[in-house]
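*Asks:*
In our numbering, the protein residues as written are 165 to 885.
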């Protein structure tokens, strides 16, 4: 029987679709379809024509068929529903949208049991993460198990009309996607890269794309170098629980045997813990020469961070190596010093309290382990008082330190201070801050040490000092707005009055050795990074900042210097040993695809550069050059550090279709320097795969870690490892 003869127009079909229970005859058919498709909710059917044959109990919808329920949508050119056996057959341009975001495409399909079971020909499946299957035919069981014949899987996004094969694909005689187990199984599978078959396996399985992590092998790393020989690292991942996992990564080498590496990670309600390490037992060495027997070499690193409550947290970082050169020889790390720290800290508003313990392992050849200090404990506390009627406030701070060595001097320090500050902004826009500070320090030194430098003469005893200081900071930012740019001119000055001296020879310098005069501390009341050295004497710090700014660009420059009446606090080469001091400054230019930063220190008389650091980045991400130049004249940072001149370059050039060339170099620009490191690589990076091949030449060595040449290959394939 026909409804209205036969509804042939799209408009008539749409009208019928919106009347889902129209007329008694149609009501019976619609109710039956609803029971099959969505018994818990309404169903909407749209088509160019709908025919119900009561004699055969078959409903036929043709032309732009769309069946919608609360959870599923089925599209097809033709839909045939047999009421007697509850079987739905869809033909032509079939698309089934599932609740989890998966879309099944087919040339033809037969479905039963509310879409849970069915057979499909010309199958294509688009998963929620854009991964896809394709097969000549397939079956679906219990809405969970999809079996595909003559099938292919890829996680690569392919463009319509592009005949090129995806970057990678897995083809198999049979593929089974088990949604309940969240696995994909292959029988007689071959792996293709850019359409070229590379590997065959009779059986293969991997987690389906809904799995964030699952126990199994990760992508290996291949390589070779002149120290270890040919090598392969094969990581195996353990998904131990939702809150913890581990990775075991044995490194197999032809010259040094096997290195066992591992990582363990765990998340807690209050924080996290992570540790990694390695161990090996190679042939013993005396320098670069083999020696009888075997050595056990290892390292360990651990990190933890935990919240106690809204105010307090505690944590630790730790690192240790079995010997000085293990990390470099096995190319694990280039660190010269390994630091271990445990801490407890609390923050409430602007107030802060912390307790720290530190230990160090120096890996430098000339360092004496007996002279390497450990700190147990170091206590810090700072308290901001409430603001007064004029904005003034008081800052209290305290510090306690116990620094000890197995050989050499031990230092114990108690320090406390109070700072009063009064900020003020004048009606003309001048910004002032008046401050007064008083600090008291007490030291106990145990262990006489006589240095060649007379300033480092240390004797046993107790010393105390009282350190007052008054300072006035002033700045006058003058801004001229423009239609596209804002212009800034800002003179800055700081006037400081303090007594001369304040650095008795009994007090050793432990925490202010790496002093550097630069633009970041030009206007500081005290330029030393720690408490062991005090900057005394009256002085004036002054400078000028100019710049122009817009929504996308910025360019500014700052320069300044210090004038001192008299002070012997600073060593020769620091830039502050004379008055006026050297000039320090910064230049910065930031444009789209262009970033230049320069920090410098310039001799006050000759205007020659004593310190010059330039960082330059040019170009977009796919055609970028980065350069870093560093020049330090002798004694700029410490008396022991000689002249240094170095250039680091890195680049990336995209050559199309996901391919890039990379390079990096490090040059020592001194007369006896030269190339220290050179590397060249090629990368392929797309939505589903990353491959990198890099060759590195290191021309520096350290004992049994000689200069080396290495080649490494890393392959990461989405969903496969």
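We treat Cβ as the ideally placed atom computed from N, Cα and C, and that holds for glycine. Fair warning: this is a prediction, and the values are worked out from it, not measured in the lab.
Three Cβ pairs or more, each shorter than 8 angstroms: is that satisfied between the stretch 437-449 and the stretch 465-475?
*Replies:* yes
*Asks:* Report yes or no: do the stretch 597-606 and the stretch 567-575 share at least 3 C-beta pairs separated by less than 8 angstroms?
*Replies:* Contact between the stretch 597-606 and the stretch 567-575 is absent, because fewer than three Cβ pairs lie under 8 angstroms.
*Asks:* Straight-line CA distance for residue 291 to residue 265?
*Replies:* Counting from one through the chain shown, the residue named residue 291 turns up at place 127. Counting from one through the chain shown, the residue named residue 265 turns up at place 101. Each residue's Cα considered, the two are about 7 angstroms apart.
*Asks:* Is residue 838 helix, strand or coil by DSSP?
*Replies:* For the purposes of this step, residue 838 is taken as residue 674 along the chain shown, with counting starting at 1. Looking at residue 838 - three-state DSSP - the assignment turns out to be strand.
*Asks:* Along the chain, which unbroken stretches of the beta strand (DSSP E) at least 3 residues long are found entirely within the stretch 697-756?
*Replies:* 703-713, 718-728, 747-755
*Asks:* Suppose you measure from the CA of residue 253 to the CA of residue 348; what does that come to, to the nearest Å?
*Replies:* Within the chain shown, residue 253 is the residue found at index 89, counting from 1. Within the chain shown, residue 348 is the residue found at index 184, counting from 1. Each residue's Cα considered, the two are about 27 angstroms apart.
*Asks:* Taking buried to mean at least 16 other C-beta atoms within 10 Å of its own C-beta, is residue 367 buried or exposed?
*Replies:* Counted from its first residue, the chain shown places residue 367 at position 203. When all chains shown are included, residue 367 counts as exposed.
*Asks:* Leaving out five residues on either side along the sequence, give the residues of the same chain with a beta carbon under 6 angstroms from the beta carbon of residue 321.
*Replies:* One-based indexing of the chain shown puts residue 321 at position 157. These residues qualify, in order along the chain: 294, 851.
*Asks:* Let me know the secondary structure DSSP gives residue 548 once reduced to three states.
*Replies:* The residue labelled residue 548 in the question sits at position 384 within the chain shown. Strand at residue 548.
*Asks:* Enumerate, from N- to C-terminal direction, the unbroken beta strand (DSSP E) stretches of 3 or more residues contained entirely within the stretch 357-435.
*Replies:* For the stretch 357-435, whole beta strand (DSSP E) runs of length 3 or above, ordered along the chain, are 360-371, 385-389, 393-397, 400-405, 408-417, 422-432.
*Asks:* Taking 9 angstroms as the threshold (C-beta atoms), are residue 745 and residue 768 in contact?
*Replies:* The residue given as residue 768 occupies position 604 in the chain shown. The residue given as residue 745 occupies position 581 in the chain shown. In contact: residue 768 and residue 745 (Cβ atoms closer than 9 angstroms).
*Asks:* Taking 8 angstroms as the cut-off, does the stretch 644-652 touch the stretch 684-699 (at least 3 CB pairs, one atom from each stretch)?
*Replies:* no
*Asks:* Roughly how many whole angstroms lie between the Cα atoms of residue 226 and residue 239?
*Replies:* Here residue 226 corresponds to residue number 62 of the chain shown, with the count starting at 1. Here residue 239 corresponds to residue number 75 of the chain shown, with the count starting at 1. Cα-Cα distance, rounded: 11 angstroms.
*Asks:* Kindly indicate which three-state DSSP category residue 490 falls into: helix, strand or coil?
*Replies:* For this step, residue 490 is matched to residue 326 along the chain shown. Looking at residue 490 - three-state DSSP - the assignment turns out to be helix.
*Asks:* Judging by CA-CA distance, which residue of 730, 362, 330 is the nearest neighbour of residue 703?
*Replies:* In the chain shown, the residue the question calls residue 703 occupies position 539. Ranking 730, 362, 330 by CA distance to the CA of residue 703 puts 730 first.
*Asks:* Hey, residue 244 and residue 222: beta-carbon distance below 9 angstroms or not?
*Replies:* Looking up residue 244 in the chain shown gives position 80. Looking up residue 222 in the chain shown gives position 58. A contact, by the Cβ cut-off of 9 angstroms.
*Asks:* Which residue or residues does DSSP assign as beta-bridge partners of residue 503?
*Replies:* Here residue 503 corresponds to residue number 339 of the chain shown, with the count starting at 1. 524, per the DSSP bridge assignment.
*Asks:* Output needed for residue 273: all residues of its chain with C-beta closer than 6 angstroms, excluding positions within five of it in sequence on either side, in chain order.
*Replies:* Position 109 of the chain shown holds residue 273. Beyond the five residues adjoining it in sequence on each side, residue 273 comes within less than 6 angstroms, by CB distance, of 254, 258, 282, 284 in the same chain, given in chain order.
*Asks:* Could you please give the first and the last residue of the uninterrupted beta strand (DSSP E) stretch that includes residue 533?
*Replies:* As a working note, residue 533 is residue 369 in the chain shown. From DSSP, residue 533 is part of no beta strand (DSSP E); its letter is neither H nor E.
*Asks:* Just tell me which of 656, 714, 682, 681 has its CA closest to the CA of residue 647.
*Replies:* As a first step, residue 647 is located in the chain shown; it is residue number 483 there, counting from the start. Nearest C-alpha to residue 647: 714.
*Asks:* Rounded to the nearest angstrom, what separates residue 827 and residue 734 at their Cα positions?
*Replies:* What you label residue 827 is simply residue 663 of the chain shown in a count that begins at 1. What you label residue 734 is simply residue 570 of the chain shown in a count that begins at 1. Distance between the alpha carbons of residue 827 and residue 734 is about 42 angstroms.
*Asks:* For the putative contact between residue 528 and residue 557, defined by C-beta atoms under 8 angstroms, what is the C-beta separation to the nearest angstrom?
*Replies:* Position 364 of the chain shown, counted from the first residue, corresponds to residue 528. Position 393 of the chain shown, counted from the first residue, corresponds to residue 557. Not confirmed; about 45 angstroms, so no contact.
*Asks:* Taking 9 angstroms as the cut-off, decide whether the C-beta atoms of residue 645 and residue 595 are in contact.
*Replies:* Position 481 of the chain shown, counted from the start, is the residue given in the question as residue 645. Position 431 of the chain shown, counted from the start, is the residue given in the question as residue 595. In this structure, residue 595 does not lie closer than 9 angstroms to residue 645 by Cβ.
*Asks:* At the level of alpha carbons, what is the spacing between residue 879 and residue 351?
*Replies:* On the chain shown, residue 879 is found 715 positions in, with the first residue counted as 1. On the chain shown, residue 351 is found 187 positions in, with the first residue counted as 1. One C-alpha to the other measures close to 23 angstroms.
*Asks:* Just tell me which of 431, 601, 667 has its CA closest to the CA of residue 890.
*Replies:* Because the chain here runs from 165 to 885, residue 890 falls outside it and cannot be looked at.
*Asks:* Return the chain-ordered list of same chain residues with a C-beta closer than 7 angstroms to the C-beta of residue 723, the five sequence neighbours on each side being excluded.
*Replies:* Taking the first residue of the chain shown as 1, we reach residue 723 at position 559. These residues qualify, in order along the chain: 707, 708, 747, 749.
*Asks:* From this set, 278, 336, 307, 328, which residue's C-alpha is nearest residue 297's C-alpha?
*Replies:* Position 133 of the chain shown, counting from 1, holds the residue named residue 297. Per the Cα distances, 336.
*Asks:* Whole angstroms are fine: how far does the CA of residue 447 sit from the CA of residue 721?
*Replies:* Numbered from its first residue, the chain shown carries residue 721 at position 557. Numbered from its first residue, the chain shown carries residue 447 at position 283. One C-alpha to the other measures close to 57 angstroms.
*Asks:* If we count the other Cβ atoms within 10 Å of its Cβ and call it buried at 16 or more, is residue 825 buried or exposed?
*Replies:* For this step, residue 825 is matched to residue 661 along the chain shown. With fewer than 16 Cβ atoms within 10 Å of its Cβ, residue 825 is classed as exposed.
*Asks:* Please state the DSSP three-state secondary structure of residue 236.
*Replies:* Reading the chain shown from its first residue, position 72 is the one you call residue 236. Residue 236 falls in the coil class under three-state DSSP.
*Asks:* Confirm, please, whether the CB-CB distance from residue 882 to residue 873 is below 9 angstroms.
*Replies:* Taking the chain shown and counting its residues from 1, one reaches residue 873 at position 709. Taking the chain shown and counting its residues from 1, one reaches residue 882 at position 718. Not closer than 9 angstroms, so no.
*Asks:* Where residue 877 and residue 780 are concerned, what is the direct C-alpha to C-alpha distance, given to the nearest angstrom?
*Replies:* Indexing the chain shown from 1 puts residue 877 at position 713. Indexing the chain shown from 1 puts residue 780 at position 616. So the two alpha carbons sit approximately 29 angstroms from each other.
*Asks:* Select from 497, 506, 461, 514 the residue whose C-alpha is nearest the C-alpha of residue 481.
*Replies:* As a working mapping, residue 481 is identified with position 317 in the chain shown. Here the closest residue by C-alpha is 506.
*Asks:* Nearest-angstrom Cα distance between residue 411 and residue 856?
*Replies:* On the chain shown, position 247 is the one that residue 411 refers to. On the chain shown, position 692 is the one that residue 856 refers to. Cα to Cα, the separation comes out at about 22 angstroms.
*Asks:* Should residue 607 be listed as close to the ligand ATP, given that the test is whether its C-beta is under 8 angstroms from any heavy atom?
*Replies:* Among the components modelled here there is no ligand, and therefore nothing to report on the ligand ATP.
*Asks:* Would you report the Cα separation of residue 752 and residue 718, rounded to the nearest angstrom?
*Replies:* Translated into positions along the chain shown, residue 752 becomes position 588. Translated into positions along the chain shown, residue 718 becomes position 554. Whole-angstrom Cα-Cα distance: 8 angstroms.
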